[in-house]
Amino acid sequence: MTLTTTRPLAIHGIGVLATMDGTGPHGLGLVHDAVVVCRGAAIVDCGARGAVAIPSDAERVDAGGAAVVPGLVDCHTHAVFMGDRSDEFARRARGETYAQIAAAGGGIRATMRAVRAATVDALVAAARPRLRRMLARGVTTVEMKSGYGLTVEDELKLLRAARALRDEGPVHVEATLLAAHAVPPEAASASAWTTTIVDELLPAVAREGLASACDVFVEQGAFSVDDGRRLLTRAAALGLRPRVHAEQLSWQGGARLAAEVGALAASHLEHITADDARRLADAGVVAEVLSLAQVFLRGQRAIPGRLLKDAGCVVAVGTDLNPGTAMSCDLPLAAGLAVTQSGLYAEEALAGITRDGARALGLSDRGVVAVGRRADLVVLRATSPLALVYEWAEPLAAVVVAGGRVVHRWAAG
Numbered sequence: 272m273t274l275t276t277t278r279p280l281a282i283h284g285i286g287v288l289a290t291m292d293g294t295g296p297h298g299l300g301l302v303h304d305a306v307v308v309c310r311g312a313a314i315v316d317c318g319a320r321g322a323v324a325i326p327s328d329a330e331r332v333d334a335g336g337a338a339v340v341p342g343l344v345d346c347h348t349h350a351v352f353m354g355d356r357s358d359e360f361a362r363r364a365r366g367e368t369y370a371q372i373a374a375a376g377g378g379i380r381a382t383m384r385a386v387r388a389a390t391v392d393a394l395v396a397a398a399r400p401r402l403r404r405m406l407a408r409g410v411t412t413v414e415m416k417s418g419y420g421l422t423v424e425d426e427l428k429l430l431r432a433a434r435a436l437r438d439e440g441p442v443h444v445e446a447t448l449l450a451a452h453a454v455p456p457e458a459a460s461a462s463a464w465t466t467t468i469v470d471e472l473l474p475a476v477a478r479e480g481l482a483s484a485c486d487v488f489v490e491q492g493a494f495s496v497d498d499g500r501r502l503l504t505r506a507a508a509l510g511l512r513p514r515v516h517a518e519q520l521s522w523q524g525g526a527r528l529a530a531e532v533g534a535l536a537a538s539h540l541e542h543i544t545a546d547d548a549r550r551l552a553d554a555g556v557v558a559e560v561l562s563l564a565q566v567f568l569r570g571q572r573a574i575p576g577r578l579l580k581d582a583g584c585v586v587a588v589g590t591d592l593n594p595g596t597a598m599s600c601d602l603p604l605a606a607g608l609a610v611t612q613s614g615l616y617a618e619e620a621l622a623g624i625t626r627d628g629a630r631a632l633g634l635s636d637r638g639v640v641a642v643g644r645r646a647d648l649v650v651l652r653a654t655s656p657l658a659l660v661y662e663w664a665e666p667l668a669a670v671v672v673a674g675g676r677v678v679h680r681w682a683a684g
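Using this note's numbering, the first residue of the sequence shown is number 272, and each one after it goes up by one.
Right under this line is the structure:
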């Protein structure tokens, strides 16, 4: 949804502006005593107070000496779903594994049954409060996957719900087709379901313009590298950018597939090797670190964030919000866990939920505060931009601006 306003907006009294433009110490692009001016949906001026003129008719937001960062980007979620899987969380605490629960009819198939019984309107109503919670934490752009319908019509239904949420705003939604999330109970095999996606679902998604990307879960018991290659090659031919869930539970070669097909991003990566990391870096594939899921599942191998960075990868951070393995809308918390669990530096984690999160979605107009970029900004209830990855207790967004207008203000209590 394009948000416009005829009156300019000026954020002044900024103690420190983290432009995230890659300059200066750790690439934070810090500007002290700063001002940002927005007109329509774009930033038209920004910099130190003495160098920026505030239009006389501007709506003013006084940051009161606080830090300001770009609007946050959650590059990986499964935010459209129905149902509750808290029972599975309790079962894992007693020792059952993800695979055992799935074999007993739980896991993705449990959510599938709830989604199949729901309407588009019901899916939208269920997802809307999740987006509100994200917005309250400063998220202005979110990727949203299908993958819980597992029929042609039910996957289209999920993507139509994502489109409706995008049309509502103010959070911008980028939709991804993830029909290759699990093998439907009706399908003869993963290969057979892949054929259905390639022959029927992908053309329908392209005709309606329902998604900008296509993802596949390459994993034992899910989809093979060959399935993924066939799927992503067809998706790319139809204009959908490839993405890959890779090496989450075991090494299967998904990261190498991502490099081979020039994917936008490869996610999870718990079992990635140093050679895989170099291939991703050489191919320009963004590595998505999803530490919330790693912690939520218990006993998972730590995601080697430092290995990825040292190999030269661009690293983004996402929540992986989903009902089974990461039931949280808290992107700043995910960034904090990427530091403590995955070895990222704090500044890298902040970049992962701003500039590099946008890169994981192929969006060059956001994630950085600069003239001409989209006017998505967050005034924090803190004087340091790193507070976002350091303070885990509650939302730190005091004011959220999306598309040049104020869309959220923090209210105490």
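C-beta atoms are modelled at their ideal positions from N, C-alpha and C, and glycine is treated no differently.
Owing to the predicted nature of the structure, the values given are computational and were not obtained by experimental measurement.
Within 10 angstroms of the Cβ of proline 455, are there 16 or more other Cβ atoms? Answer buried if so, exposed if not.
Looking up residue 455 in the sequence shown gives position 184. Its Cβ being crowded by 16 or more others within 10 Å, proline 455 is buried.
CB-CB length for glycine 675 against cysteine 309, believed under 8 Å:
The count along the sequence shown starts at 1 and reaches residue 675 at position 404. The count along the sequence shown starts at 1 and reaches residue 309 at position 38. The distance from the Cβ of glycine 675 to that of cysteine 309 is about 4 Å, consistent with a contact at the 8 Å cut-off.
Which of the three DSSP states, helix, strand or coil, is assigned to leucine 578?
In the sequence shown, counting from the first residue as 1, residue 578 sits at position 307. Three-state result, leucine 578: helix.
Ignore the nearest five residues each way along the sequence and tell me which others in glutamate 445's own chain have a CB closer than 6 Å to its CB.
For the purposes of this step, residue 445 is identified with residue 174 of the sequence shown, where counting begins at 1. Excluding positions up to five away in sequence, the list reads Glu414, Ser483 and Leu632.
Going by the DSSP bridge assignment, what does glutamate 330 pair with across the sheet?
If you number the sequence shown from 1, residue 330 lands on position 59. DSSP output for glutamate 330 lists Leu280 as bridge partner(s).
Thinking C-beta only, is methionine 291 closer than 9 Å to glycine 284?
Residue numbering aside, residue 284 sits at position 13 when the sequence shown is read from its first letter. Residue numbering aside, residue 291 sits at position 20 when the sequence shown is read from its first letter. Taking 9 Å as the Cβ cut-off, glycine 284 and methionine 291 do not qualify as a contacting pair.
On a Cα-Cα basis, can you pick out the residue from Leu657, Gly533, Leu535 and Arg680 that is closest to alanine 668?
Stepping through the sequence shown from its first residue, residue 668 is reached at position 397. Residue Arg680 is the option with its Cα nearest to alanine 668.
Can you tell which of Leu429, Ser460 and Leu520 has its C-alpha closest to the C-alpha of valine 476?
Indexing the sequence shown from 1 puts residue 476 at position 205. Nearest Cα to valine 476 within the set Leu429, Ser460 and Leu520: Leu429.
When Arg384, Trp522 and Cys485 are compared against alanine 545, the one with the closest alpha-carbon:
As a position in the sequence shown, residue 545 is number 274, starting the count at 1. Alanine 545 has its Cα closest to that of Trp522, out of Arg384, Trp522 and Cys485.
Beta-carbon spacing of arginine 648, alanine 337 below 9 Å
If you number the sequence shown from 1, residue 648 lands on position 377. If you number the sequence shown from 1, residue 337 lands on position 66. Per the sequence presented here, residue 648 reads as leucine, with arginine not at that position. Not a contact, by the Cβ cut-off of 9 Å.
Counting Cβ pairs, one atom from each stretch, are 3 or more of them under 8 Å apart for the segment 604-615 and the segment 365-380?
Taking a cut-off of 8 Å on C-beta distances, the segment 604-615 does not touch the segment 365-380, as fewer than three cross pairs fall below it.
With 16 as the cutoff for other CB atoms within 10 Å, does aspartate 333 come out buried or exposed?
As a working mapping, residue 333 is identified with position 62 in the sequence shown. Exposed.
Alpha-carbon to alpha-carbon, leucine 449 and tyrosine 464
The residue labelled residue 464 in the question sits at position 193 within the sequence shown. The residue labelled residue 449 in the question sits at position 178 within the sequence shown. Checking the sequence, you will find tryptophan at residue 464 rather than tyrosine. When rounded, the distance between both Cα atoms is 12 Å.
I need the DSSP call for proline 603, collapsed to helix, strand or coil.
Residue numbering aside, residue 603 sits at position 332 when the sequence shown is read from its first letter. Judged by DSSP in its simplified three-state form, proline 603 adopts helix.
Identify which residue in Ala370, Asp497, Ile282 and His349 has its Cα closest to the Cα of glutamate 330.
Taking the first residue of the sequence shown as 1, we reach residue 330 at position 59. Residue Ile282 is the option with its Cα nearest to glutamate 330.
Quick one: grab the DSSP three-state call for arginine 387.
The residue labelled residue 387 in the question sits at position 116 within the sequence shown. When DSSP states are grouped into helix, strand and coil, arginine 387 belongs to the helix group.
Closest to glycine 335 by CA distance: which of Thr654, Leu659, Val672 and Glu662 is it?
Sequence index remark: in the sequence shown, residue 335 carries index 64 (1-based). Considering only alpha carbons, the answer is Thr654.
Are the beta-carbon atoms of valine 585 and alanine 606 separated by less than 9 Å?
Along the sequence shown, one-based indexing puts residue 585 at 314. Along the sequence shown, one-based indexing puts residue 606 at 335. No, they are not a contact pair.
Which of the three DSSP states is assigned to aspartate 345 in this structure?
Residue 345 sits at position 74 when you count from the first residue of the sequence shown. Aspartate 345 sits in a strand when the DSSP states are folded into three classes.
Hey, quick one: how far does the beta strand (DSSP E) through isoleucine 314 stretch, first residue to last?
One-based indexing of the sequence shown puts residue 314 at position 43. Its beta strand (DSSP E) spans residues 313-319.
Report buried or exposed for alanine 683, applying the criterion of at least 16 other Cβ atoms within 10 angstroms of its Cβ.
For the purposes of this step, residue 683 is taken as residue 412 along the sequence shown, with counting starting at 1. Answer is exposed; the Cβ neighbour count stays below 16.
Can you have a look at valine 642 and say buried or exposed, based on whether 16 or more other CB atoms are within 10 angstroms of its CB?
Indexing the sequence shown from 1 puts residue 642 at position 371. By the 16-neighbour rule on beta-carbons within 10 angstroms, valine 642 is exposed.
Applying the criterion that 16 or more other CB atoms from any shown protein chain within 10 Å of the CB defines a buried residue, is glutamine 491 buried or exposed?
Residue mapping note: residue 491 aligns to position 220 of the sequence shown, counting from 1. Classification for glutamine 491: exposed.
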